[in-house]
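Residue numbers (this note's numbering): 958 to 1089.
The structure appears below as structure tokens.
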């Protein structure tokens, strides 16, 4: 069983690992696989901007690179009130998340909300749209 409040605290602390010298806007994500393994990610900026990677995609890339494809929960926290994933991150989530994957947007362990992919990406494009 996942201790959501502890994981939120760890995700908030992980913002310290963000590399965000241009925006000074730190984002951290913790991705929990169905078997309980945790992968963390932070935003990593680049002076030319477009190679910048978001925390959510950083965590997903780490998990997928380790052979994981089944995810239970992702916790996202940033330097604003309820930092939601960008459109690109939502599309990457659509590639890997099931309808029951929990997406938790957190300010603190007392202030967070849980969503599904359908909640944050209604009518999203995915693998199902490519099926014959």
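Glycine included, every Cβ here is placed at the ideal spot set by N, Cα and C.
Cβ separation of residue i and residue j, assumed to be a contact under 8 Å, to the nearest whole Å
i	j	result
residue 1002	residue 1033	With a Cβ gap of about 17 Å, residue 1002 and residue 1033 do not count as contacting.
residue 1047	residue 1081	7 Å
residue 1074	residue 1050	6 Å
Where residue i falls: helix, strand or coil (DSSP)
i	result
residue 1001	strand
Whether residue i touches residue j by CB criterion (8 Å)
i	j	result
residue 1065	residue 965	yes
residue 990	residue 1000	no
residue 1059	residue 1029	yes
residue 961	residue 988	no
residue 1061	residue 1031	yes
residue 996	residue 970	no
Unbroken stretches of the alpha helix (DSSP H), 4 residues or longer, contained in the region 1004 to 1079:
The region 1004 to 1079 contains, as complete alpha helix (DSSP H) runs of 4+ residues, the segments 1012 to 1022, 1044 to 1053 and 1074 to 1077 (chain order).
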